[in-house]
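See structure below.
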Amino acid sequence: NLEEYKAGPNDLSGALTYDLFLAKYRRIIANAVKLLRPKALSVFVVGDVRDKKTGSMCTLHHDTVGAFKEAGCAMHQDAVLTTAIGTGAMRATKTMSAGAKLINTHQNVVVCVKGDGFTPADARAAGVRPNQESQQSQ
């Protein structure tokens with residue numbers, strides 16, 4: 154909820170509550186998963202957000218994983234993407250004085266697979282090949 158795009162009434166960043174946002178977000182994920190082939194991977198980069206009214210933390214990362222599971226996917230990978238600390242310092246100036254909340258300087262990279270799992274054989278069937286360096290070191 155740090156970024157509001159103001160793209161009209163269907164823009165999720167303008168949802169009045171987190172629950173309304175989440176209902177639409179889950180529907181988007183479910184519709185996207187329907188378009189995926191079995192064993193296809195989907196990658197989402199998400200960061201947790203705060204409720205606009207209460208300031209309490211909303212765990213978008215966990216809700217994203219849950220939405221993918223509800224849509225028939227399994228989590229394949231979960232990684233942390235660090236973001237520039239400089240932007241955290243700029244945001245901290247505003248929020249630390251107002252409510253003493255920590256500033257996240259990361260996002261989560263959620264990789265889900267449609268179905269039960271993704272094996273090395275699935276990767277090869279999809280055309281994924283190891284890079285030359287990893288082949289030489291084996």
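Numbering-wise (my numbering), the sequence shown opens with residue 154 and increments by one.
All residues carry an ideal CB built from backbone N, CA and C; glycine is no exception.
Asked: Between Asn261, Met210 and Gly219, which lies nearest to Ala176 when the distance is taken from Cα to Cα?; Found: Gly219
Asked: Would DSSP call Leu169 helix, strand or coil?; Found: coil
Asked: When we look at the beta-carbon of Asn261 and count the other beta-carbons within 10 Å, is it buried (16 or more) or exposed?; Found: buried
Asked: Please classify Asp216 as buried or exposed, where buried requires at least 16 neighbouring CB atoms within 10 angstroms.; Found: buried
Asked: Going by C-alpha to C-alpha distance, which of Phe174, Leu189, Asn184 and Gly225 sits closest to Val202?; Found: Phe174
Asked: I need the straight-line Cα distance from Arg190 to Thr212, nearest angstrom please.; Found: 28 Å
Asked: Report buried or exposed for Val281, applying the criterion of at least 16 other Cβ atoms within 10 angstroms of its Cβ.; Found: exposed
Asked: For the 8 Å Cβ check, are there 3 or more pairs between the stretch 160 to 169 and the stretch 193 to 202?; Found: no
Asked: Report the rounded CA-to-CA distance for Asn184 versus His229, giving the unit in angstroms.; Found: 19 Å
Asked: Who pairs with His259 in a beta bridge, going by DSSP?; Found: Thr235
Asked: When the Cα of Thr235 is compared with those of Ala227, His259, Ala224 and Lys222, which residue comes out closest?; Found: His259
Asked: Would you mind sorting Val233 into buried or exposed? The rule is 16 or more other CB atoms within 10 Å of its CB.; Found: exposed
Asked: Helix, strand or coil: which one does DSSP assign to Phe174?; Found: helix
Asked: Is DSSP giving Phe221 helix, strand or coil here?; Found: helix
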